Amino acid sequence: MKVLKLKKTNLNSYLESLRVWGEIYGPVRQGEKYIYGLLDDLDKLDTKMLRTILPAKKFLVPPKFNTFTFDGHNYKAELQNISNRIVFGVHPCEIHGILILDKFFLERFPDPFYQERRRKTAIFGLSCVPDDKCFAKSTNTHFVESGFDLAFNELKDFYFVWVGSSLGDDLVRLRLDLFDEDIKERDLKEFMRWRSWRDSQYKLKLDLTAMPDIMELNYERPLWKDFGDKCLSCGACSMVCPTCPCYNMRDQLKPAGKAGERQRTWDSCMFKPFAIVAGGHNFRENRAERVKLWYTHKLKAFITEFGKPACVGCGRCIDTCPVDINVKTVATALKGVK
Amino acid sequence: MAENNVYLPEPMRIVRRYNLIDDVRFFQVRPIEMEKALSLNYLPGQFMMVSLSGVGEAPFSISSTPSRPGLLEFGIRKVGVITEELFKLKENEIIGVRGPFGNGFPIEKFEKRDMIIIVGGLGAVPLRSLLLYTLDNRDRFGKVYFLYGARRPNEMLFLREFLELKNREDLNCYLSVDKDDTGSWTEHTGVVTTLFKHLKGIDPKNTYATVCGPPVMYKFVIDELIKLGIPKHQILMTLERRMHCGVGKCGHCVIGSIYTCMDGPVFSYWDVLHMKDLI
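Those protein sequences? They're chains A and B, same order as listed. For the first sequence, the numbering used here assigns the number 824 to the initial residue and increments by one for each residue that follows. For the second sequence, the numbering used here assigns the number 45 to the initial residue and increments by one for each residue that follows.
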């Protein structure tokens, strides 16, 4: 992979020059927290941000969008209005989340709406330093080798910029003058030092190996009822999770006539009506069953299907759940340790 | 790109519809373009997503057989928002259809084997597809038994069609009702398991049983099949969940590690024992 250097002081002028390709989004402060916001003004960019409220999946599967417009039985796919975007500041764990979404949405019945947004979204990774809620080292998602177009690794005065795709290469070539290809031995040493220091910063360690077996052994145990009794069914865990893909579809008619839109919105298996079928039977009536499904899917089903859990260690569920149900508390309870 | 869009409904015309029983209606539909109609391909046990613009989409088992191309048939019960609207439609009106989805029955495994098709109530819709397929390819299968139980004579789907099939020498067709409230019922009386005594000369280890019916039926039927000595993985059933996208994405039909819309809706009794919460 091609690696270049970009002086930190040149970051904003580089990003500024990318506007010819598309809109630029990145971490922006919002109250106490951060979001991926539109960087119409690059001064808003906050590279020290650790965790946005919503993950970058919102660019690839927006919380709400039209899949089709229809007029009677004529359906037209809404793919034309998807435009080029650069998302800067995506941390390694989240890029792993995108790789999981890629597998999910692009293999076996490719989803054209995901496909088109993915194709038109340039992912610019950014290195990070974990807090006490991050456990990406445990999930082996703290470094990336693919899934991005450019990846920025922050060192003292410059970024190492990994070029991860043909598009990334094009975007570097827009301002080749700002990049330096001459990587010196001291740069390499600085990177190695940074890497082992950063590895040492992961305080939270969660071993998720053997989870399929552990889940199986715990299937009938009362811990699910305990979590179910606490759960508020708010679905926030699904909204903030970089790998939760579930959605709902509903048709919205325009006033008078047969024209309208088929809308797709995020959904959560934590919501009570999620598994209701016509006639009213609910296959997961109680909360304990729904909490169990969420974690079964995350920690068991994905391992069965894709060989690794659908948890990338970003810590959003730990940060978000108002009643402390998250991968950390559930995995700990499953293992029967305090 | 839109050509390959798995979510894009294909316009199809309702060519025939009539009530099978009081609240279950038969719909025969075909793609508007003749070429598409003739190239329809699917397996017994698969389902289609039917789309009514402005109302939404819902999954329906296919009741026709791919061995008779050109038309798709459904038996649809009026039970929700979409079926309510569907029942208002007349011949020549257009609906959107996409699919087929789901695994369907593993037909090739049934070849040269004996088959027992066991149906309760509305389960006749998907299993009629399998039955007709088997009859259209009769030389590829061993003995074929069709056992169908309904609560009352006026709750039995495709009654006239199945009565006619009783005349065939290459099919053992038994129909039963729990209770005859007409006084004119000429077939058997009793729950579907009482028909098991008519199974003769089947080779259990070489037999596939397929079951579809109301939830209460499965336990009793499966017990009988196990008693007969049919291996657990050769007892197949088609299950219901909330299939909403059909392509393993939206998540509504998930059971533990599987998506009913892709990995099912046909499961074996071994699957049921092995994967939790299926039934």
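By construction, the Cβ of each residue, glycine as well, lies at the ideal position given by its N, Cα and C atoms. The model shown is predicted, which means the values in this text are computed figures rather than measured ones.
Item to complete: Helix, strand or coil for C1092/A, going by three-state DSSP, please let me know.
Response: In this structure, C1092/A counts as coil in the three-state DSSP scheme.
Fill in: Euclidean distance between Cα positions of R996/A and D1052/A
Taking the straight line from one Cα to the other gives about 56 angstroms.
Worksheet item: What separation, rounded to the nearest whole angstrom, lies between the Cα atoms of F311/B and G89/B?
Response: Straight-line Cα distance between these residues: approximately 10 angstroms.
Fill in: Rounded straight-line distance, which links the Cα of V952/A to that of T1066/A
Approximately 21 angstroms between the Cα atoms of the pair.
Worksheet entry | Reduced DSSP category for V99/B - H, G, I as helix; E, B as strand; rest coil | V99/B sits in coil when the DSSP states are folded into three classes, being neither helix nor strand.
Practice prompt. Leaving aside the five residues before and after R940/A along the sequence, list all residues of the same chain whose C-beta is less than 6 angstroms from its C-beta, in chain order.
Written response: Cβ within range, chain order: L883 and I905.
Worksheet item: Buried or exposed: where does A253/B fall if 16 or more other Cβ atoms within 10 Å of its Cβ makes it buried?
Response: So A253/B ends up on the buried side.
Worksheet item: Closer than 9 angstroms, Cβ to any Cβ of chain A: which residues of the region 70 to 104 of chain B, in chain order?
Response: Of all residues in the region 70 to 104 of chain B, those with a C-beta nearer than 9 angstroms to a C-beta of chain A are S95, L96, S97, G98, V99, G100, E101 and A102, reading in chain order.
Item to complete: Decide if M45/B is buried, meaning its Cβ has at least 16 other Cβ atoms within 10 Å, or exposed.
Response: Confidence is the limiting factor: at M45/B the pLDDT is only 40, short of 50, which leaves the residue's position unreliable and the question unanswerable from this model.
Worksheet item: Can you tell me the Cα-Cα spacing of N897/A and C289/B, whole angstroms?
Response: Looking at the two C-alpha atoms, the distance is approximately 19 angstroms.
Practice prompt. Look at the alpha carbon of I274/B and the alpha carbon of K241/B, and state the distance between them as a whole number of angstroms.
Written response: A straight line joining the alpha-carbon of I274/B with that of K241/B spans about 15 angstroms.
Discussion item. At the 8 angstroms Cβ level, is H296/B part of the contact set with chain A, yes or no?
Written reply: So, interface residue.
Practice prompt. Could you tell me whether the Cβ of P885/A comes closer than 8 angstroms to any Cβ of chain B?
Written response: At a cut-off of 8 angstroms, the C-beta of P885/A has no neighbouring C-beta in chain B.
Item to complete: Would you give the residue range spanned by the alpha helix (DSSP H) that P170/B belongs to?
Response: In the DSSP assignment, P170/B falls within the alpha helix (DSSP H) that extends over A168 to D180.
Worksheet item: How should V221/B be labelled, buried or exposed, when 16 other C-beta atoms within 10 angstroms of its C-beta is the threshold for buried?
Response: The residue in question, V221/B, is buried, as its Cβ has 16 or more Cβ neighbours within 10 Å.
Worksheet item: Are the CB atoms of N1149/A and C1137/A nearer to each other than 8 angstroms?
Response: No, Cβ-Cβ distance for N1149/A and C1137/A is not below 8 angstroms.
Worksheet item: CA-CA distance, H277/B and V986/A?
Response: Here the C-alpha atom of H277/B lies approximately 50 angstroms from the C-alpha atom of V986/A.
Discussion item. Please return the same chain residues whose Cβ sits closer than 7 angstroms to the Cβ of G1083/A, not counting the five positions on each side in sequence.
Written reply: Shown here for G1083/A: same chain residues with a beta carbon closer than 7 angstroms to its own, the five before and five after excluded, namely F893, D1074, Q1075, L1076 and K1077 in chain order.
Discussion item. Can you tell me whether H805/A is helix, strand or coil according to DSSP?
Written reply: Only positions 824 to 1161 of chain A appear in this structure, which leaves residue 805/A out of reach.
Discussion item. Quick check on DSSP: helix, strand or coil for H919/A?
Written reply: Helix at H919/A.
Worksheet item: Where do the N-terminal and C-terminal ends of the alpha helix (DSSP H) with W985/A fall, by residue?
Response: No alpha helix (DSSP H) holds W985/A; the beta strand (DSSP E) holding it covers F981 to V986.
Discussion item. On the CB-based measure, 16 or more other CB atoms within 10 Å of its CB, does W1020/A come out buried or exposed?
Written reply: Exposed, because fewer than 16 other Cβ atoms sit within 10 Å of the Cβ of W1020/A.
Discussion item. Please tell me whether Y262/B has its Cβ less than 8 angstroms away from any Cβ of chain A.
Written reply: The beta carbon of Y262/B does not come within 8 angstroms of any beta carbon belonging to chain A, so the residue lies off that interface.
Worksheet item: Does DSSP put G991/A in a helix, a strand or coil?
Response: Per DSSP, reduced to three states, the secondary structure at G991/A is helical.
Discussion item. Strictly under 8 angstroms for the Cβ-Cβ distance: is V59/B near chain A by that measure?
Written reply: By this cut-off, V59/B is not an interface position.
Item to complete: State the start and end residues of the unbroken beta strand (DSSP E) segment that holds D267/B.
Response: No beta strand (DSSP E) contains D267/B, which is instead part of the alpha helix (DSSP H) from P259 to L272.
Discussion item. Tell me which residue opens and which closes the beta strand (DSSP E) that M872/A is part of.
Written reply: Counting along the chain, M872/A falls outside any beta strand (DSSP E), and DSSP gives it neither H nor E.
Item to complete: Could you please tell me which residues of the region 1080 to 1100 of chain A, in chain order, have their CB closer than 8 angstroms to any CB of chain B?
Response: Cβ contacts with chain B: K1081, G1083, R1085, D1090, C1092, F1097, A1098, I1099 and V1100.
Worksheet entry | 8 angstroms contact criterion, which I120/B and R69/B should meet: CB distance rounded | Contact between I120/B and R69/B holds, with the beta-carbon distance rounding to 5 angstroms and staying under 8 angstroms.
Item to complete: Give a yes or no on whether the C-beta atoms belonging to I106/B and M92/B are separated by under 8 angstroms.
Response: It is a contact, given that the beta carbons lie within the stated cut-off.
Discussion item. Using C-beta distances below 6 angstroms, list every residue in its chain close to A1156/A, excluding the 5 sequence neighbours before and after it, in chain order.
Written reply: Cβ within range, chain order: L1046.
Fill in: Cut-off 7 angstroms between Cβ atoms - residues of its own chain near Y303/B, not counting five sequence neighbours on either side
Excluding residues within five positions, the ones whose Cβ falls inside 7 angstroms are G292 and C297.
Worksheet item: At a Cβ threshold of 8 angstroms, is K956/A touching chain B?
Response: Taking 8 angstroms as the threshold, the shortest C-beta distance from K956/A to chain B does not fall below it.
Fill in: Nearest neighbour of Q1024/A, chosen from D955/A, M1072/A and D1003/A [CA to CA]
Ranking the options by Cα distance to Q1024/A, first place goes to D955/A.
Worksheet item: Nearest to L829/A by CA position, among V967/A, R942/A, A945/A and D1005/A, is which residue?
Response: It is D1005/A whose Cα lies nearest to the Cα of L829/A.
Practice prompt. Reducing DSSP to helix, strand and coil, say where Q1024/A ends up.
Written response: Coil, per DSSP.
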